[in-house]
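Trainee: Chains A and B, in that order, are what the protein sequence lines are. Residue numbering for the first sequence follows the numbering used here, starting at -19 and increasing by one per position. Residue numbering for the second sequence follows the numbering used here, starting at -19 and increasing by one per position. We treat Cβ as the ideally placed atom computed from N, Cα and C, and that holds for glycine. Could you have a look at this structure, given as structure tokens, before my questions?
2 protein chains.
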Amino acid sequence: MNISEVSPPESDLDPEIAARLKRNSDGLVPAIVQDVDTREVLMLGYMNDQALHMTLTTGRAWYWSRSRGDYWRKGDTSGNTQDVVDVALDCDNDTILVTVRQHGPACHTGTRTCFTGRELTVTGTETSPNPMKGPDA
Amino acid sequence: MNISEVSPPESDLDPEIAARLKRNSDGLVPAIVQDVDTREVLMLGYMNDQALHMTLTTGRAWYWSRSRGDYWRKGDTSGNTQDVVDVALDCDNDTILVTVRQHGPACHTGTRTCFTGRELTVTGTETSPNPMKGPDA
């Protein structure tokens, strides 16, 4: 019987998921949030095991606030809530993708997403060699 | 004259962008990668200042590999390259959104995205109170 060297932190999260989850040095996993209707990437939040558990079992998006050191349910202050549609873990089990129905702007600054109007200038124009491979390539 | 307490790491990145960038304890910034055509969230990578500089100035997506401790240009091994369309920083300057033209599958396992087929079960059905506010609300 294999026992993983580091036990998952105590939480109500399904032990099977907790065993898979790879956390950063703060015990958190980044959670990308995407709008189910517009497909916009809205924001990046961070979840610990319990925040993921609450997200999966309540249908509302919960995060861990690194600045306040506390749980945070999106919209409780702003009213701009997120209803959870889907949650997926990536191939390395170290990133979460949360698909939500976003009510109101997602960003605390009032913009639609946290990236809206914050583009950097891209000067490179290099494209991949042979990007469209033929059937024999 | 204000001088920030911690100088940005040495790199070729535009000093104005380097001064804004907020890095994690490993000196990295998470980069969400989205397909410009399908709008799928493809993967999460990590960039240091120099990887962001190369991404902005070459038009190809560069990352920092945490496991190998080296720069990594997406597609150099797999052939599944990413041509950069847009790059944006979020409101807190601690997350990057890279919009790309993805050639081939984005995931090293061969799936279209790193999240494809890796959904977790969502049991919660709570929805936001008063999600559709009327004009007087």
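Which residues in the same chain have their Cβ closer than 8 Å to the Cβ of Asp72/A, if we skip the five residues on either side of it in sequence?
Mentor: Contacts found: Lys2.
Trainee: For a test of the three-state rule: what should DSSP assign to Leu36/A, helix, strand or coil?
Mentor: Three-state DSSP puts Leu36/A in a helix.
Trainee: Nearest chain B C-beta to Ala31/A closer than 8 Å, yes or no?
Mentor: Ala31/A does not count as touching chain B.
Trainee: Do Thr75/A and Ile(-3)/A have their C-beta atoms closer together than 8 Å?
Mentor: Cβ atoms of Thr75/A and Ile(-3)/A: not closer than 8 Å.
Trainee: Using a Cβ-Cβ cutoff of 9 Å, what residues of the region 88 to 114 of chain A are near chain B? List them in chain order.
Mentor: Within the region 88 to 114 of chain A, the residues whose Cβ lies closer than 9 Å to some Cβ of chain B are His88, Thr89, Thr91, Thr93, Cys94, Phe95, Thr96, Gly97, Arg98, Glu99, Leu100, Thr101, Val102, Thr103, Gly104, Thr105, Glu106, Thr107, Ser108, Pro109, Asn110, Pro111, Met112, Lys113, listed in chain order.
Trainee: Return helix, strand or coil for Asp15/A, following the three-state DSSP convention.
Mentor: Of the three classes helix, strand and coil, the one that applies to Asp15/A here is strand, per DSSP.
Trainee: Helix, strand or coil for Asp66/A? Go by DSSP, reduced to three states.
Mentor: Strand.
Trainee: Secondary structure at Glu(-4)/A, three-state DSSP: helix, strand or coil?
Mentor: Glu(-4)/A: helix per DSSP, three-state reduction.
Trainee: Taking 8 Å as the threshold (C-beta atoms), are Pro(-11)/B and Asp50/B in contact?
Mentor: Against a cut-off of 8 Å, the Cβ pair of Pro(-11)/B and Asp50/B comes out as no contact.
Trainee: Against chain A, which members of the region 44 to 72 of chain B pass a CB distance test of less than 7 Å?
Mentor: Listed by position along the chain: Gly55, Thr61, Asp63, Val64, Asp66, Val67, Ala68, Leu69, Asp70, Cys71.
Trainee: Could you give the residue range of the beta strand (DSSP E) that holds Leu24/A?
Mentor: Its beta strand (DSSP E) spans residues 21 to 27.
Trainee: List the residues of chain B that Ser127/A touches, going by C-beta distances under 7 Å, in chain order.
Mentor: Not covered by the structure: residue 127/A. The range shown for chain A is -19 to 117.
Trainee: Which of the residues in the region -12 to -1 of chain A, read from start to end, lie with their CB under 9 Å from any CB of chain B?
Mentor: Correct list: Asp(-6), Ile(-3).
Trainee: Using a Cβ-Cβ cut-off of 7 Å (strictly less than) and excluding sequence neighbours within five positions of Ala31/A, which residues of its own chain qualify?
Mentor: Taken in chain order, the residues that qualify are Trp42, Tyr43, Trp44, Tyr51.
Trainee: Answer with yes or no whether the minimum CB distance from Leu77/B to chain A is below 8 Å.
Mentor: Yes - at least one Cβ of chain A is within 8 Å of the one on Leu77/B.
Trainee: First and last residue of the beta strand (DSSP E) that includes Leu77/B?
Mentor: Here the beta strand (DSSP E) through Leu77/B covers 76 to 82.
Trainee: How far does the beta strand (DSSP E) with Ser(-9)/A in it extend, from its first residue to its last?
Mentor: Where Ser(-9)/A is concerned, there is no enclosing beta strand (DSSP E), given that its DSSP letter is neither H nor E.
Trainee: Below 8 Å between beta carbons: does that hold for Asp63/A and Arg98/A?
Mentor: No, Cβ-Cβ distance for Asp63/A and Arg98/A is not below 8 Å.
Trainee: Is the beta carbon of Thr93/A closer than 8 Å to that of Val21/A?
Mentor: Yes, these two residues count as a Cβ contact at 8 Å.
Trainee: Could you check where the beta strand (DSSP E) with Ser45/B kicks off and where it finishes?
Mentor: Ser45/B -> beta strand (DSSP E) spans 42 to 45.
Trainee: For Pro10/A and chain B, any beta-carbon pair shorter than 8 Å?
Mentor: Taking Cβ atoms only, chain B reaches closer than 8 Å to Pro10/A, which makes this a yes.
Trainee: Mapping the DSSP letters down to three states, classify Lys113/B as helix, strand or coil.
Mentor: Because Lys113/B sits at a pLDDT of 46, beneath the cut-off of 50, its placement in the model cannot be relied upon, and the following sentence gives the value as read from the coordinates. Reduced to three states, the DSSP call for Lys113/B is coil.
Trainee: In three-state DSSP terms, what is Ile(-17)/B?
Mentor: For Ile(-17)/B, the predicted model reports a pLDDT of 46, less than 50, meaning its position is unreliable and no value from the coordinates is stated.
Trainee: When the cut-off is 8 Å and only beta carbons count, does Leu1/A lie next to chain B?
Mentor: Chain B contact via Cβ: absent.
Trainee: Any C-beta of chain B sitting closer than 8 Å to the C-beta of Val16/A?
Mentor: Closer than 8 Å: no.
Trainee: Would you mind sorting Ser108/B into buried or exposed? The rule is 16 or more other CB atoms within 10 Å of its CB.
Mentor: Buried, by the Cβ-count rule.
Trainee: Are Leu36/B and Val67/B closer than 8 Å when you measure CB to CB?
Mentor: Yes, these two residues count as a Cβ contact at 8 Å.
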